[in-house]
Amino acid sequence: MSNLTAWERMEIVHNKNRPTVNDYIPAMFTRFMEFHGDRYFGDDAAIIGGIGYLSETPVTVIAQVKGRNLEENKRSNFSMPHPEGYRKALRLAKQAEKFRRPVICLVDTPGAYCGIEAEKRGQGEAIARNLYEFMTLKTPIISIILGEGGSGGALALAVCDELAMLENALYSAISPRGAASILWKDSSKEREACEILKITAEDLTSFGVCDKIIKEPEGGAHNAPEQTADSIYEYLVDAVSRYKSVEITKLLNDRYTKFRKIGMFTE
Amino acid sequence: MASIEDLFKVVKSRFTDDSHSAPASKDVSIPQDLLFKCPRCGGVVYNEEFVRAMKVCPKCNYHARLTWQERLELTADTGSFKEFDAEMRSLNPIGFPRYEDKIAKMQEACDTREAIVTGECTIRGYRCVIGIMDSHFMMASMGSVVGEKITRAFEYAAEKGLPVVMFASSGGARMQEGIISLMQMAKTSGAVKLHSDKGGLYIAVMTDPTTGGVTASFASLGDIVIAEPKVLIGFAGRRVIQDTIRQRLPDDFQSAEFQQDCGFVDMIVERGMMRKRLSNILKLHGFPKETTAR
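Chains X and A are the protein sequences, given in the same order.
Count along the first sequence from 1, then add 1048; that gives the number in my numbering.
Count along the second sequence from 1, then add 4; that gives the number in my numbering.
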């Protein structure tokens, strides 16, 4: 495990050549078919979902889409989903439950979108509903944080049986920039905030939030995208095979307990 | 001598300060409780009149923030409240600088150990589990204690077949607990689901302000969602949205009325009617009346 600071990892995650789900999905899933729309309002390109095979196993894939260039980012809103994105994710998760397919969530977002339309369509409710429904979804859910895990916008796809993170990925309740502006009224102190917030995969493993760290090539995933895709793929094949055979009551009890036990207090 | 504006400033700070500060400190020597300036309409009234009106602005009907003691007094039957987990206190899970000091200060200023009080009570004779968040305590942000208390309250209610009435108000996740605070969103939502799957009734009451991670978890998940008039309800902060879209937002944006129009609030209930409405809902769901109302 390389000994980088949270800030250095953030720079790696923000590298414009860092692979995205547009690279990973074709590399990991065969015959992937994308499904559109939430059935209520529209289709959100910040989250793509669909079905395909992981090795021999049919799976449902739900993924947040970082663009690789400005054009793609405009389309996917820099991976900041609107409520209809989260509702599409829930629709596809329910479909997966019905047909007993494992759900694989690929998380990579600075956060849920903050805007008038997002508020009008209930960003808060959409995220809450996902937390609520994913908690008892009767099929295995594996979530992987690929780059940025931005607060509630990431958590809405990360109520799962097992959470993995790429080695340099970050997962945080608040953006370091946001924290800096609250703490010191100075968003340029992002770097200090980055370390204080304890947001690296290693930190999150110590808190019991992250279950598995997937190694990245030296210097970051962009240095060898295929190799990174292979590592994620191997992890997924293993995780899905471990969870597929778990009896549903046990699966749901364990999932509840995974989140139930997180917290630190005295009484 | 202090000018009349200065008096307003002091009063204003008690009700509009969104930072994590305590209610107006005790060392201010001028008569701070003389006047109330409404943060919504800017109207000024005698504090006495404002308090008599249950802290509702007589000019614009803004339902101002209450302490948990005030809320409990207005909601539960006298003497019926039994608190759960009164001694539970935050630790410092991510080793955040000076978090313990902040908590200690808040505990002294607010006469409570944390940002939520939970327990069991009757409302006009109808038994329920109740939770009251107090925005005076670190903006009622959700950390380990808030998450754990809510989770236990729902688990207890699920086990006993009791309904839950939850008065939400919060600035969102508690930054000082980092990722641990984010996980409380999943944890509390899971507990709401557990209670719901056992047929439990959950009434969420959104009060000023209901925002961020609390809006995006248990507060939005009531079978019935009630809001107080004119309160702030939303996911993202107003300033964050304004900075993103670079235009001024309409004044009623993220108000209770706006949320009702958008379809996320079942009804808006005046403070003076809340007890009656809650008890009527509990009655309609077939819960037995236990005692005579106060």
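In this text, a Cβ means the ideal position worked out from N, Cα and C, and glycines have one as well.
Predicted model, so just to flag it, every value in this text is computed and none were measured.
Taking 8 Å as the CB-CB cut-off, is residue i touching chain X?
i      : result
A/L253 : yes
A/G135 : no
A/A26  : Bear in mind that a pLDDT of 44 at A/A26, under 50, signals an unreliable position, so the number given afterwards is only what the model happens to contain. False, the Cβ-Cβ gap to chain X never drops below 8 Å.
A/A157 : no
A/D227 : no
A/S193 : yes
A/L236 : no
A/P101 : yes
A/C64  : no
A/I120 : no
How big is the Cα-Cα spacing for residue i and residue j?
i       : j       : result
A/A195  : X/R1087 : 28 Å
A/C61   : A/L225  : 29 Å
X/V1113 : A/S84   : 52 Å
X/E1315 : A/S94   : 9 Å
A/P233  : X/P1273 : 53 Å
X/M1058 : A/Q180  : 20 Å
X/A1227 : X/T1253 : 22 Å
A/L70   : A/L186  : 25 Å
A/S25   : A/A113  : Its pLDDT being 42, under 50, A/S25 is placed unreliably by the model, and the measurement read from it follows with that caveat. Going from the Cα of A/S25 to the Cα of A/A113 covers about 10 Å.
X/A1217 : A/I183  : 14 Å
X/T1248 : A/L288  : 50 Å
A/P27   : A/S145  : At A/P27, the pLDDT of 47 sits below 50, so the modelled position is not reliable; the number obtained from the coordinates is stated separately. The straight-line gap from Cα to Cα measures roughly 15 Å.
A/M277  : X/A1144 : 44 Å
A/P213  : A/R275  : 15 Å
A/A223  : A/A208  : 6 Å
X/V1109 : X/V1151 : 6 Å
X/L1214 : X/Y1281 : 12 Å
X/I1192 : X/S1220 : 14 Å
A/E87   : A/I127  : 15 Å
A/S3    : A/Y130  : An answer regarding residue 3 of chain A cannot be provided, because it is not within the stretch 5 to 298 covered by chain A.
X/Y1161 : X/I1244 : 25 Å
Considering only their Cβ atoms, is the gap separating residue j from residue i smaller than 8 Å?
i       : j       : result
X/I1099 : X/C1153 : no
X/G1159 : X/I1175 : no
X/L1300 : A/M189  : no
X/N1063 : X/R1116 : no
A/A161  : A/M210  : no
A/M271  : A/I230  : yes
X/R1308 : A/T155  : yes
A/G175  : A/T215  : yes
X/L1185 : X/A1141 : yes
Does residue i have its Cβ less than 8 Å from a Cβ in chain A?
i       : result
X/V1151 : no
X/L1118 : no
X/Y1180 : yes
X/S1236 : no
X/C1242 : no
X/D1207 : A quick correction: the sequence has Val, not Asp, at residue 1207 of chain X. Yes, X/V1207 counts as interfacial toward chain A.
X/S1199 : yes
X/T1184 : yes
X/Y1101 : no
X/K1168 : yes
X/M1076 : no
X/G1311 : yes
Taking Cβ positions only, does residue i come closer than 8 Å to chain C?
i       : result
X/E1250 : In the structure shown, chain C does not exist; the protein chains are X and A.
With 16 other CB atoms within 10 Å as the buried threshold, where does residue i fall?
i       : result
A/D31   : In this prediction, A/D31 scores a pLDDT of 48, lower than 50, which makes its location untrustworthy; no coordinate-derived value is stated.
A/D105  : exposed
A/S29   : Bear in mind that the predicted position of A/S29 carries a pLDDT of just 46, short of 50, making it too unreliable to give a figure here.
X/I1296 : exposed
A/T79   : buried
A/H140  : buried
A/A108  : exposed
X/Q1171 : buried
X/M1081 : exposed
A/V269  : buried
Should residue i be counted as a contact of the ligand GDP given a C-beta to heavy atom distance under 7 Å?
i       : result
X/E1266 : This structure does not include the ligand GDP; it has no bound ligands of any sort.
Since residue i is in the alpha helix (DSSP H), which residue starts that stretch and which ends it?
i       : result
A/C64   : No alpha helix (DSSP H) holds A/C64; DSSP gives it neither H nor E.
A/T248  : 242-249
X/Y1304 : 1296-1308
A/Y103  : 103-114
A/T155  : 148-164
A/L41   : A quick correction: the sequence has Lys, not Leu, at residue 41 of chain A. Looking at the DSSP string, A/K41 is not in any alpha helix (DSSP H); the run it does join, the beta strand (DSSP E), is 39-41.
X/T1276 : 1273-1292
Could you give the residue range of the beta strand (DSSP E) that holds residue i?
i       : result
A/R131  : 130-137
X/R1079 : 1077-1083
X/Q1112 : 1105-1112
A/Y50   : 48-50
X/L1102 : 1095-1102
A/V196  : Careful: A/V196 lies outside any beta strand (DSSP E), inside the alpha helix (DSSP H) at 182-201.
X/G1197 : 1189-1198
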